[in-house]
Amino acid sequence: MADDGRTAGPAHDIVDVIRTKRDGGTLSDAEIDWTIASYTEGAVADEQVSALLMAIFLRGMSPAELSRWTEAILSSGERIDLSGLTRPTVDKHSTGGVGDKVSLVLAPLVAACGAAVPQLSGRGLGHTGGTLDKLEAIPGFRSTLTVDQVRAQLERVGCVICAAGPGLAPADRKLYALRDVTGTVESIPLIAASIMSKKIAEGTSSLVLDVKVGSGAFMTDREAAAELARTMVALGRDHGLDVVALLTAMDTPLGATAGNALEVAEAIEVLAGGGPADLLAVTLALAREMLGLAGIDADPAAALRDGSALACWREMVAAQGGDPDAELPRARLVETVRADRSGYVTRLDARAVGVAAWRLGAGRARKEDPVSATAGVVCRAKPGDEVRVGDVVLELHGDDPARFDRARAALAGAVELADAPGPTADVVYERIGVPREAPGD
Ligand code: URA
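Here the numbering used here is used: the first residue of the sequence shown is 32, the next is one more, and so on.
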């Protein structure tokens, strides 16, 4: 018989656990371990854990509780052992943003400089795209690899971007699905534990976090983003991982494109030594942090200039069944949004562009939905650019004519034009984590 958590036998009573948290108390290590293990095996009901998650959402967790909660999620599955690799391992995780194709460039770039980058990723949900959805726009690309294949590719090529297997942190899979339908996603401790348990399980020795701040990000408030970053850095330290976080701008889309094949094409431009300045700046800042943590003294900008990063990308794509020379799919239909006056673009709202790309088919509403490889938005002008009345500001790409009206509706008010350019801002706001070593140390 399924144990509902209140019958004789279990070590703890889930209702007591919920009450403790509801009333602002502290959960013991044993209660946390028991709750996560019992929920993973189905012995505690969804509605009980929903109540606990809401209590955590409202009351928070102490650092000790959070560390144990993360450990318990980690222990619900396997932990990949990458210690046998000859290269130092370092990964990057982004909290997600519109047009965020940085991983596509960063993994081969940092690998070309000598590190091993095990990017075990997820698929996109909502208005930010998933890295795997982008890569799967490449004909033949395979995202599902075994752990042995991951290890072999890391040793030979230096990078892999593939799906995290079901054996990694299975408790998080259940908890995240429950949070999604109970209004408990936006909790700093729950987000931190969810992300860090998966990254620790993947076996990397060090990690750089790209914590996005702005309208297109999870966190719209800079102080909340900094707290999330500090929380994840501390969790990494508790589990023997060196972690650095960069807070980066996400008020406007990163680069010029949002949409799967469109973003792959733009990532290849950067790998070939070109690409938009904001995308390049974020990519190089993250690459320098990753190389610093890996103990590699190399200039990532040189690896973009000399073709070695692009060569590594081609090897990674080919190793995962993709054809690096194949033409990327293109949308059948392209419509435009034009400037209604002359002036300077002072705002191009990331969230609106993300929702428009999503409505065109680039993203999914439920995790089982298919995504379109070709749908998306191209930003022909970005904040700071001067346009004349009638110039194209945005292009909407898609295959389904029925989707365009709702995509246009998402963009109402998303572009602001003024007589003078607005103030320019750095794309990297802040660094949180282990101190950077001085040159020559
Ligand atoms: N991404 C995750 O993996 N988990 C969260 O809780 C939020 C974002």
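Idealized CB from N, CA, C, for every residue including glycine.
Counted within 10 angstroms of its Cβ, other Cβ atoms place residue i as buried (16 or more) or exposed
i: I463; result: buried
i: A256; result: buried
i: K165; result: buried
i: P149; result: buried
i: R533; result: The first residue shown for the chain is 32 and the last is 472, placing residue 533 beyond what the model contains.
i: S373; result: exposed
i: L89; result: exposed
i: K398; result: exposed
i: D179; result: exposed
i: R187; result: exposed
i: S228; result: buried
i: R336; result: exposed
i: V402; result: buried
Own chain, CB closer than 6 Å to residue i, minus 5 neighbours either side, in chain order
i: E447; result: T377, R378
i: A202; result: I67, T71, I104, S107
i: V181; result: V191
i: E417; result: Y375
i: S218; result: F88
i: V46; result: none
Closest residue to residue i among the options (Cα-Cα distance)
i: A332; options: D380, L140, S114; result: L140
i: Y460; options: D252, A265, G306; result: D252
i: G484; options: A443, V48, A404, P149; result: The requested residue 484 does not occur in the structure, where the chain is confined to residues 32 to 472.
i: L97; options: G171, I222, G153, I49; result: I222
i: V368; options: V48, P307, E297, R411; result: R411
i: A76; options: D44, D54, P94, F88; result: D44
i: A456; options: G245, A443, L259; result: G245
i: D350; options: T262, V133, P170; result: The residue asked about is misnamed: residue 350 is Ala in this sequence, not Asp. Nearest of T262, V133, P170 to A350, Cα basis: P170.
i: V301; options: A138, T175, D211, M281; result: A138
i: R261; options: D354, L135, D241; result: D241
i: A357; options: R53, T57, E167; result: E167
i: A248; options: D54, R210, V136, T159; result: T159
i: D380; options: V80, D400, G128; result: G128
i: G161; options: L185, A146, T177, V133; result: V133
i: L209; options: A303, E78, P401; result: E78
Sequence-distant residues of the same chain with beta carbon closer than 7 Å to residue i, five excluded per side
i: K230; result: D122, H124, L238
i: A441; result: A383, V386, A387, R390
i: V465; result: D273, V275
i: C144; result: L322, I327, A329, P331, A334
i: L324; result: V121, S237, V239, D273, V275
i: T175; result: C193, A194
i: V458; result: T279, A280, D309, A312, V313
i: T51; result: L58
i: A142; result: V148, V188, G189, C190, C343
i: A316; result: L277, V459
Close beta carbons around residue i, own chain, < 8 Å, minus the five adjacent residues each side
i: H428; result: G290, L293, R361, A362, L364, V365, L391, T405, A406, G407, V408, V409
i: D354; result: I169, P170, G171, V348
i: P41; result: D34, W65, S69, A74
i: G415; result: Y375, V376, P452, G453, T455
i: M250; result: T126, V242, K243, V244, A256, L259
Checklist entry - Is it true that the region 422-437 meets the region 321-331, where meeting means three or more beta-carbon pairs spaced less than 8 Å apart? => result The answer is no - the region 321-331 does not touch the region 422-437, with fewer than three Cβ pairs under 8 Å.
Checklist entry - Are the region 52-65 and the region 188-199 in contact at 8 Å, needing three or more beta carbon pairs? => result Short answer: they don't touch.
Item to check | Environment of the ligand URA in chain order, Cβ to heavy atom below 5 Å | outcome: Taking each Cβ in turn, the ones that pass are I222, S225, I226.
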